[in-house]
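Residue numbers (our numbering): 57 to 326.
Cβ coordinates follow ideal geometry from the N, Cα and C atoms, glycine included.
To keep things clear, I will list the structure first and then write my remarks on it.
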C-alpha cells in the first residue's frame, strides 16, 4: 500500500466515524500528527486526500462536512501560528471548502468562506485558498471566474493575491477561455496597483511578491497578448510594476519558450 493509499484508508475511516458521531477530534488529531509541521513543507499529499474525500462524500453528507471544515478553520493565529501543526487544520479546511464548492449546491457558501480566509495572516492558509479556487475553476470555471472578479473590487490586497495565485495554474490555462479570463483578471489587478499610493503595507508587498511569478504563468498561456501587455506596463515606469516585470522575465517558462520576446521586453526595463 502506498503512503497516499494509507492516508486515504485511515482518513476515510476517521471521517466515517465523524459522520456518525459528530465529533471531529480524531480527524483533527490524525491531520495534525501527520502534518509534517513544524517543518519547511506541510503534508500536501494528505491535504489532497482530505479534499478528495470531502468532495466524494459531499453530495450526500455536505452539511456535516461543511461543519467539519468550519471546525478545522476555527483556530486563530494565536492558537495556530505559522508552522504549528494546528495551522495545517486551517489549510485543510480551505481545501475542503474548495472541494465542497465544486458542487453547485455549496458554491456560494464556499466562495464566500474562501474570500474570508484569503485575508488570513498565515501564508499556508492563503495557499490553501489558492488551491481551493483552482479546484473550483476546474469544475465550474465560468461561475468561479465571474465571482473572483468581484474580489478585485474589494480593494483588499491579500484577496487580490488569492485571485492571482489561484489563476497561476498551467493545467487550468490550457483552456483558452480560462486563459483569457485569467489574463483579464491580472490586468484588472494591475490597474488597481497603478492608481494606489498605499504601497508600504505588508499586504501590498505580499501581492507584489505573488504577481512576481503569476504573471509569467499567464503570459506563457497567452504570449502574444501577454508580452504586449508587459511592454505597456513597462512604459508606465512604475517602480513596483517594474519590479514585478523583472521578476517574471527571469522565469524559465518565458526565457526558454519566448527568448526573443523576453529579451526585447527586458530591454525596456533598463
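Between which two residues does the alpha helix (DSSP H) holding residue i run?
i           : result
residue 252 : Segment: none, residue 252 is in no alpha helix (DSSP H) and carries neither H nor E.
residue 270 : 258-277
residue 68  : 59-77
residue 203 : 197-208
residue 117 : 100-128
residue 81  : 81-89
residue 222 : 213-223
residue 296 : 295-304
Using the three-state DSSP reduction, which class does residue i fall into: helix, strand or coil?
i           : result
residue 324 : coil
residue 177 : coil
residue 10  : No answer is possible for residue 10: the residues shown for the chain start at 57 and end at 326.
residue 34  : The question about residue 34 has no answer, for the chain in this structure spans 57 to 326.
residue 138 : coil
residue 131 : coil
residue 182 : helix
residue 280 : helix
residue 238 : helix
residue 93  : coil
residue 307 : coil
residue 160 : helix
I'd like to check one pair, residue j with residue i: are the Cβ atoms closer than 8 Å?
i           : j           : result
residue 191 : residue 235 : no
residue 150 : residue 185 : yes
residue 301 : residue 319 : no
residue 213 : residue 257 : yes
residue 270 : residue 221 : yes
residue 128 : residue 95  : no
residue 167 : residue 194 : no
residue 216 : residue 263 : yes
residue 287 : residue 321 : yes
residue 86  : residue 67  : yes
residue 219 : residue 245 : yes
residue 274 : residue 239 : yes
residue 131 : residue 146 : yes
residue 88  : residue 141 : yes
residue 93  : residue 139 : yes
residue 268 : residue 303 : yes
residue 113 : residue 102 : no
Taking the alpha carbon of residue i as the point to measure from, which residue in the options has its own alpha carbon closest?
i           : options            : result
residue 282 : 83, 112, 91, 305   : 305
residue 277 : 266, 225, 246      : 225
residue 144 : 182, 324, 288      : 182
residue 251 : 286, 295, 275      : 295
residue 161 : 175, 79, 116, 75   : 116
residue 124 : 273, 132, 71       : 71
residue 206 : 242, 178, 314, 187 : 242
residue 178 : 188, 69, 136, 91   : 136
residue 292 : 223, 255, 58, 325  : 325
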